[in-house]
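The next block holds one structure in the form of structure tokens; read it before the comments.
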Amino acid sequence: MKKRTLREERRKIAKERVKILLEKVVNNWPACSKKRRRYIELAREICLKYRLKQPILLRRLICKKCKKPILPGIDSRIRIGKRGTVIITCLNCGNIKRIPTSLEGKISK
Numbered sequence: 271m272k273k274r275t276l277r278e279e280r281r282k283i284a285k286e287r288v289k290i291l292l293e294k295v296v297n298n299w300p301a302c303s304k305k306r307r308r309y310i311e312l313a314r315e316i317c318l319k320y321r322l323k324q325p326i327l328l329r330r331l332i333c334k335k336c337k338k339p340i341l342p343g344i345d346s347r348i349r350i351g352k353r354g355t356v357i358i359t360c361l362n363c364g365n366i367k368r369i370p371t372s373l374e375g376k377i378s379k
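Heads up: take any position in the sequence shown, counting from 1, add 270, and you land on our numbering.
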């Protein structure tokens, strides 16, 4: 096999592994938080190693400032702010992440 096809195969396998790890995080939600943290860390490491774009779920489960997993209710506080934005506060470092819930300003007529 060519070097390029090998790289593409490895990236494809890495994407599948990240998807499986994120499914385990979502399916085992009430279970042990240590496993969930480890799954999130592994998924992030795989994305970094194979230069994959991180899925939205993974990006929202990791704090940008301290790079630690944010588990809602355990490591973070989630509030609904003004104009319907979701505000996630990391309890490890205090970083605030705001996620817009509507697309009113982005749709052009």
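Idealized CB from N, CA, C, for every residue including glycine. All values reported here derive from a predicted model rather than from experimental measurement.
- The beta-bridge partner set that DSSP reports for Arg347 consists of Thr359.
- Between Leu291 and Leu312, the alpha-carbon positions lie close to 8 Å from each other.
- DSSP links Pro342 through a beta bridge to Ser346.
- Counting along the chain, the unbroken beta strand (DSSP E) around Lys367 starts and ends at Ile366 to Ile369.
- The Cβ neighbour count for Val295, taken over all protein chains shown within 10 Å, is at least 16; the residue is labelled buried.
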